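Enquirer: After the structure tokens below, expect a handful of questions from me.
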Amino acid sequence: MMAKRSPAKSELRRASLDGLMASKEIVVACGPGGVGKTTTAAAAAAMAAAHIGGKVLVLTVDPARRLADALGLEGIGNTERRVPEETFLAAGVKPRGELWAAMLDTKESWDSLIRLHAPDDRTRDEILSNPLYLNISSRFVQSHDYIAMERLFEIHAGGIYDLIVVDTPPTRNALDFLDAPERMAEFFSSRLLRWLIVPYRSRLVNFASKPFYQIADRILGTQFLEDVAQFFVLFQSMYDGFVERAHAVHRLMADRRTSFIVVSTLEAVPLREAEFFAQALKDRRLHLGAIVLNKVLPAYLRDPQGAAVAEKLRDRADELADAIAPKVSSGDVSQIRRVLSEVGRSYLDYRVVAQREAEQQAELATVPEALVSVPYFETDVYDLAGLLRLGEQLWGS
Amino acid sequence: MAAPVSTTERQRAGLLDRRLLFVTGKGGVGKTTVAAGLALYAAEHGRRTLVCEMDAKGDVAAYFETGPTSFAAREVFPSLWAMSMDTEASLREYLRLNLRIPVVGRIGPLAKAFDFVATAAPGVREILTVGKFCYEVRERHYDLVVVDASATGHIVGQLAAPQAINDLVKVGLIRSQTDWILDILSDAATTGLVIVTTPEEMPVNETIELAGKVATETSVELAAVIVNRVLPELFGRSEETVFNDLCRPAVSAELKKLVHDDPGPVLDAARLAVTLRRTRAEHLERLRGGIDPAVPMMYLPFLFTRLHGLRTLRQVALSLGEELAS
Numbered sequence: 000m001m002a003k004r005s006p007a008k009s010e011l012r013r014a015s016l017d018g019l020m021a022s023k024e025i026v027v028a029c030g031p032g033g034v035g036k037t038t039t040a041a042a043a044a045a046m047a048a049a050h051i052g053g054k055v056l057v058l059t060v061d062p063a064r065r066l067a068d069a070l071g072l073e074g075i076g077n078t079e080r081r082v083p084e085e086t087f088l089a090a091g092v093k094p095r096g097e098l099w100a101a102m103l104d105t106k107e108s109w110d111s112l113i114r115l116h117a118p119d120d121r122t123r124d125e126i127l128s129n130p131l132y133l134n135i136s137s138r139f140v141q142s143h144d145y146i147a148m149e150r151l152f153e154i155h156a157g158g159i160y161d162l163i164v165v166d167t168p169p170t171r172n173a174l175d176f177l178d179a180p181e182r183m184a185e186f187f188s189s190r191l192l193r194w195l196i197v198p199y200r201s202r203l204v205n206f207a208s209k210p211f212y213q214i215a216d217r218i219l220g221t222q223f224l225e226d227v228a229q230f231f232v233l234f235q236s237m238y239d240g241f242v243e244r245a246h247a248v249h250r251l252m253a254d255r256r257t258s259f260i261v262v263s264t265l266e267a268v269p270l271r272e273a274e275f276f277a278q279a280l281k282d283r284r285l286h287l288g289a290i291v292l293n294k295v296l297p298a299y300l301r302d303p304q305g306a307a308v309a310e311k312l313r314d315r316a317d318e319l320a321d322a323i324a325p326k327v328s329s330g331d332v333s334q335i336r337r338v339l340s341e342v343g344r345s346y347l348d349y350r351v352v353a354q355r356e357a358e359q360q361a362e363l364a365t366v367p368e369a370l371v372s373v374p375y376f377e378t379d380v381y382d383l384a385g386l387l388r389l390g391e392q393l394w395g396s
Numbered sequence: 000m001a002a003p004v005s006t007t008e009r010q011r012a013g014l015l016d017r018r019l020l021f022v023t024g025k026g027g028v029g030k031t032t033v034a035a036g037l038a039l040y041a042a043e044h045g046r047r048t049l050v051c052e053m054d055a056k057g058d059v060a061a062y063f064e065t066g067p068t069s070f071a072a073r074e075v076f077p078s079l080w081a082m083s084m085d086t087e088a089s090l091r092e093y094l095r096l097n098l099r100i101p102v103v104g105r106i107g108p109l110a111k112a113f114d115f116v117a118t119a120a121p122g123v124r125e126i127l128t129v130g131k132f133c134y135e136v137r138e139r140h141y142d143l144v145v146v147d148a149s150a151t152g153h154i155v156g157q158l159a160a161p162q163a164i165n166d167l168v169k170v171g172l173i174r175s176q177t178d179w180i181l182d183i184l185s186d187a188a189t190t191g192l193v194i195v196t197t198p199e200e201m202p203v204n205e206t207i208e209l210a211g212k213v214a215t216e217t218s219v220e221l222a223a224v225i226v227n228r229v230l231p232e233l234f235g236r237s238e239e240t241v242f243n244d245l246c247r248p249a250v251s252a253e254l255k256k257l258v259h260d261d262p263g264p265v266l267d268a269a270r271l272a273v274t275l276r277r278t279r280a281e282h283l284e285r286l287r288g289g290i291d292p293a294v295p296m297m298y299l300p301f302l303f304t305r306l307h308g309l310r311t312l313r314q315v316a317l318s319l320g321e322e323l324a325s
């Protein structure tokens, strides 16, 4: 394991995920949207299955269609499927273990949770058909956050997999899903919730004495409030089960067997969010295993000689084109001239971005045990071979 | 829901002729940048503009180099006001305006309780936020309201909320209020949705999917798709042949002699640029095929600049202006 305090740059470059993937039972990939979280999680899981061994599951939320196809996830919802060994062999790797994949179906997960906790069949059916429940389970954003962690807990408790890699849902706020289990517990045990339910339970309650209810009644109408109250009354019958479960989910997140990797790019906005997230993990005493920086531009863009050459190509394109034209078999001199100056200009353009990104990386405030840079891939990753190629970058040599 | 008027039957309203624009997009595509850029462009062209952040991350404030925004709009640039959404403050304003209940002091407990109700009935919270924007439009406090809205995953729920409330809540004040909100949202001359995307796989998928959902599940018109971070084309087909020639060892060795240094990195960088551009062109093609051709599509170049800030924003506004004029 690497020193926590400001490791040298060369050390950082050597840092990798293999140690983490070999020692943890749960690895949660999180970070801002659009940085390649899903692909990173899938690549890390594929590498673990290929090179470490054991049963590895990647639990993903919203994979791109082609990736879902590659993992055999199309239209199977919550069911876990094994990625056939032949797929690995076709990608040129003889896997040491098994790779399994599952997608998170929020609605289905909620339904099975209700089935688990409902005290009797009647309550279960009433909840499952309640219009407010339908709304919550399929649309309510925070319910996604909670259910992802809940499902992880369930799978882990099944004891089938050696390693579970989780891709987290895109959250409104990166912290939401971390707090979701606790918030769920808080929600069910809150006095406010009970207060809301009381008027429905007992008609003797004097509405006028409850200012909130009075205002809410004027805004929402009595009928609607009663619908809400009825829903909560139904839900409350599952109170103990839910709260206990939410606490258990939270404990699992904080357990030493669980680690988080924060995925980001080096663009300013995502990186700021990622740093914020890394800090939040620390504050919650959760284990930050690694930061993965995706889509990093190649180092040759920052080469000082490269810049000098590019400037010459751009500024002396006329003269260079004339000199080199005899050696070039295609195109006329004016085309060669344009190509030379475009090539030079393009290098200098990308150089600005590459330098900015290098600076951002150097300034990273939180340095975890591992900091992994993954270069810009020229094409999209959409099959197992692509995942393994990306995975090589996450792995130590 | 109001019957959608086919674009063949009427002239589509210009983007900035509308008065309420919701700007959405997948996380990471530059949604906030485009929203702020649109607002800056409008303000610079003499329109009193309000830009509002739904999730107060402070990005809008950073763009205008000012302090954090709050629920009370603040002028951050001539003719340009910025605010951020805050459910509690919005509830307070709602109560004051609609129930004539002056709320003094903290309404934390009330807002929290309201949060719980809103949890059970998605739509209640959205009414407070979408309602706030419609209110600003109705009262004509601004010529244009630009909302840096929720990401693609949540925007439909938000825009469909007034309708959902109409279905769920049979009586009460909110019910009677959703009618005028729906009027504003479904009037295509007034309100429009802008989807920001990048020419990459997932953003394009989500954009096509969202465009379909917006048409079937909401009454808001898709006003434009803005493609952000479009990479420049280095050269055409015949020039590419020339470039491949330049990369041949014999030619690049000659080039090395001429510039007294290895041109390798520069040629590699050009190849990378060409490949990146090509992969993206495929996604762009898919996007064009998946969106109703009547919806204007605008392109913003990838910015090879240093950091984000007003300087970057100006370049975005400039590019937007060129696209709006064409």
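Going down the list, the protein sequences come from chains A and B.
Heads up: the first sequence at position 93 corresponds to 92 in numbering that gives the first Met the number 0, and the numbers run straight through without jumps.
Heads up: the second sequence at position 6 corresponds to 5 in numbering that gives the first Met the number 0, and the numbers run straight through without jumps.
We treat Cβ as the ideally placed atom computed from N, Cα and C, and that holds for glycine.
A quick note: this is a predicted structure, and the numbers were derived from the prediction, not measured.
1) What span of residues does the alpha helix (DSSP H) with Phe-234 of chain B cover, start to end?
2) Could you check which residue in A:Ala-289, A:Leu-115, A:Val-268, A:Pro-297 has the C-alpha nearest to that of Arg-270 of chain B?
3) Which of the three DSSP states, helix, strand or coil, is assigned to Trp-179 of chain B?
4) Check distances from the C-beta atoms of the stretch 238-254 of chain B to those of chain A and list, in chain order, the residues that come in under 7 Å.
5) Would you verify that the beta carbon of Val-342 of chain A is, or is not, closer than 8 Å to some beta carbon of chain B?
6) Hey, is Val-338 of chain A's beta-carbon within less than 8 Å of any beta-carbon in chain B?
7) Okay, do the stretch 191-198 of chain B and the stretch 249-262 of chain B touch, 3+ Cβ pairs below 8 Å being the bar?
8) Would you mind reading off the limits of the beta strand (DSSP E) that contains Pro-300 of chain B?
9) Using a Cβ-Cβ distance under 8 Å, would Val-224 of chain B count as near chain A?
10) What residue does the beta strand (DSSP E) around Val-60 of chain A start on, and which one ends it?
11) To the nearest whole angstrom, what separates the beta carbons of Arg-27 of chain B and Gly-32 of chain A, a pair I think is in contact under 8 Å?
12) Report yes or no: do the stretch 43-53 of chain B and the stretch 73-89 of chain B share at least 3 C-beta pairs separated by less than 8 Å?
13) State yes or no: is the beta carbon of Ser-329 of chain A nearer than 8 Å to at least one beta carbon in chain B?
14) Tell me which residues share the same chain as Pro-300 of chain B and place their Cβ nearer than 7 Å to its Cβ, disregarding the 5 neighbours each side in the sequence.
15) Would you mind stating whether Gly-36 of chain B and Val-241 of chain B have Cβ atoms separated by less than 8 Å?
16) Using the rule of at least 16 other Cβ atoms within 10 Å of the residue's Cβ for burial, across every protein chain shown, is Ala-293 of chain B buried or exposed?
17) Can we say the stretch 50-58 of chain A touches the stretch 88-103 of chain A, given the rule of at least three CB pairs closer than 8 Å?
18) Return the first residue and the last residue of the alpha helix (DSSP H) that Phe-63 of chain B is part of.
19) Quick check on Gln-392 of chain A - is its C-beta less than 8 Å from some C-beta in chain B?
20) Given this structure, state the Cα-to-Cα distance separating Ser-345 of chain A from Val-129 of chain B, to the nearest angstrom.
21) Which first and last residues belong to the beta strand (DSSP E) in which Thr-190 of chain B is found?
22) Can you tell me the Cα-Cα spacing of Tyr-381 of chain A and Ser-333 of chain A, whole angstroms?
23) May I have the straight-line CA-CA distance separating Lys-326 of chain A from Leu-233 of chain B, to the nearest angstrom?
24) Can you name, in chain order, every residue of its own chain whose Cβ lies under 7 Å from the Cβ of Asp-226 of chain A, other than the five neighbours on each side?
25) Pairing CB atoms from the stretch 339-354 of chain A with CB atoms from the stretch 292-312 of chain A, are three or more of them under 8 Å?
26) In chain A, which residues lie less than 7 Å from Ala-272 of chain B when you measure between Cβ atoms?
27) Starting from the Cα of Ser-63 of chain A, find the closest Cα among A:Gly-91, A:Thr-105, A:Thr-37, A:Leu-265 and give me that residue.
28) DSSP three-state call for Trp-80 of chain B: helix, strand or coil?
29) At a cut of 8 Å, does the stretch 176-183 of chain B reach the stretch 276-290 of chain B through at least three beta carbon pairs?
30) Should the stretch 288-296 of chain A be regarded as contacting the stretch 252-262 of chain A, the criterion being three or more beta carbon pairs within less than 8 Å?
31) Under a three-way DSSP split, which group does Phe-70 of chain B fall into?
32) Within the continuous beta strand (DSSP E) that includes Asn-204 of chain B, where are the two ends?
33) Taking only runs of the alpha helix (DSSP H) that begin and end inside the stretch 20-57 of chain B, which ones reach a length of at least 4 residues, in chain order?
34) DSSP beta-bridge partners for Trp-99 of chain A?
35) Tell me, please, which residues DSSP counts as bridged to Cys-29 of chain A.
Expert: Answer, in terms of the structure:
1) Translated into positions along the second sequence, residue 234 of chain B becomes position 235. Element bounds for Phe-234 of chain B: n/a, residue is neither H nor E.
2) Start at 1 with the first residue of the second sequence, and residue 270 of chain B comes out as number 271. Out of A:Ala-289, A:Leu-115, A:Val-268, A:Pro-297, A:Pro-297 has the C-alpha closest to the C-alpha of Arg-270 of chain B.
3) Locating residue 179 of chain B in the second sequence gives position 180, counting from the first residue. In the structure shown, Trp-179 of chain B sits in a helix (DSSP, three-state: H, G or I).
4) Among the residues of the stretch 238-254 of chain B, those with a Cβ less than 7 Å away from any Cβ of chain A are Glu-238, Thr-240, Val-241, Phe-242, Asp-244, Leu-245, Ala-249, Val-250, Glu-253, Leu-254, in the order of the chain.
5) As a first step, residue 342 of chain A is located in the first sequence; it is residue number 343 there, counting from the start. Answer yes: the Cβ-Cβ gap between Val-342 of chain A and chain B drops below 8 Å somewhere.
6) Here residue 338 of chain A is taken as the residue at index 339 of the first sequence, counted from 1. So, interface residue.
7) Too few Cβ pairs lie closer than 8 Å, so no.
8) Along the second sequence, one-based indexing puts residue 300 of chain B at 301. For Pro-300 of chain B, the enclosing beta strand (DSSP E) covers residues 296-300.
9) Here residue 224 of chain B is taken as the residue at index 225 of the second sequence, counted from 1. No - not a single Cβ of chain A is within 8 Å of the one on Val-224 of chain B.
10) Position 61 of the first sequence, counted from the start, is the residue given in the question as residue 60 of chain A. No residue range can be given for Val-60 of chain A, since it is assigned to no beta strand (DSSP E) and is classified by DSSP as neither H nor E.
11) For the purposes of this step, residue 27 of chain B is taken as the residue at position 28 of the second sequence. For the purposes of this step, residue 32 of chain A is taken as the residue at position 33 of the first sequence. Note that residue 27 of chain B is Gly in the sequence shown, not Arg. Contact holds; Cβ gap of about 5 Å.
12) Yes: the two stretches touch, three or more of their Cβ pairs being nearer than 8 Å.
13) Position 330 of the first sequence, counted from the first residue, corresponds to residue 329 of chain A. Judged by the 8 Å Cβ criterion, Ser-329 of chain A is in contact with chain B.
14) Translated into positions along the second sequence, residue 300 of chain B becomes position 301. Excluding sequence neighbours, Pro-300 of chain B sits near Val-229, Pro-231, Ser-318.
15) By 1-based counting over the second sequence, the position of residue 36 of chain B is 37. By 1-based counting over the second sequence, the position of residue 241 of chain B is 242. Cβ distance not < 8 Å, so Gly-36 of chain B and Val-241 of chain B don't count as in contact.
16) In the second sequence, residue 293 of chain B corresponds to position 294, counting from 1. Around the Cβ of Ala-293 of chain B, a 10 Å sphere holds fewer than 16 other Cβ atoms; the residue is exposed.
17) The stretch 50-58 of chain A, when compared against the stretch 88-103 of chain A, does touch it at the 8 Å Cβ threshold.
18) Position 64 of the second sequence, counting from 1, holds the residue named residue 63 of chain B. Run containing Phe-63 of chain B: none; DSSP gives neither H nor E here.
19) Position 393 of the first sequence holds residue 392 of chain A. It does not; no Cβ of chain B falls within 8 Å.
20) Against the first sequence, residue 345 of chain A aligns to sequence position 346. Against the second sequence, residue 129 of chain B aligns to sequence position 130. Spanning the two alpha carbons is a distance of roughly 44 Å.
21) Locating residue 190 of chain B in the second sequence gives position 191, counting from the first residue. Looking at the DSSP string, the run of the beta strand (DSSP E) that includes Thr-190 of chain B is 190-196.
22) Indexing the first sequence from 1 puts residue 381 of chain A at position 382. Indexing the first sequence from 1 puts residue 333 of chain A at position 334. Straight-line spacing of the CA atoms in Tyr-381 of chain A and Ser-333 of chain A works out to 40 Å.
23) Taking the first residue of the first sequence as position 1, residue 326 of chain A is located at position 327. Taking the first residue of the second sequence as position 1, residue 233 of chain B is located at position 234. So the alpha carbons of these two residues sit roughly 22 Å apart.
24) Here residue 226 of chain A refers to the residue found at position 227 when the first sequence is read from its first residue. Cβ within range, chain order: Leu-131.
25) Taking 8 Å as the limit for Cβ pairs, the verdict is that the stretch 292-312 of chain A does touch the stretch 339-354 of chain A.
26) Residue 272 of chain B sits at position 273 when you count from the first residue of the second sequence. Near Ala-272 of chain B (Cβ distances below 7 Å), the residues of chain A are Ser-345, Tyr-349.
27) Here residue 63 of chain A corresponds to residue number 64 of the first sequence, with the count starting at 1. Looking at the sequence itself, residue 63 of chain A is Ala, so the reference to Ser does not match. The shortest C-alpha separation from Ala-63 of chain A is found at A:Thr-37.
28) Along the second sequence, one-based indexing puts residue 80 of chain B at 81. In the structure shown, Trp-80 of chain B sits in a strand (DSSP, three-state: E or B).
29) They do not touch, by the three-pair rule.
30) Counting C-beta pairs with one atom in each stretch, the stretch 288-296 of chain A and the stretch 252-262 of chain A have three or more that are closer than 8 Å, which means they touch.
31) As a first step, residue 70 of chain B must be located in the second sequence, where it is residue number 71. Three-state result, Phe-70 of chain B: coil.
32) Taking the second sequence and counting its residues from 1, one reaches residue 204 of chain B at position 205. Unbroken run through Asn-204 of chain B is the alpha helix (DSSP H), 200-216; no beta strand (DSSP E).
33) Those alpha helix (DSSP H) runs which fall completely within the stretch 20-57 of chain B and span 4+ residues are 30-43.
34) The sequence position of residue 99 of chain A within the first sequence is 100, counting from 1. Note: Trp-99 of chain A sits in a beta bridge opposite A:Leu-56, A:Arg-81.
35) Numbered from its first residue, the first sequence carries residue 29 of chain A at position 30. Under the DSSP definition of a beta bridge, Cys-29 of chain A partners with A:Val-261.
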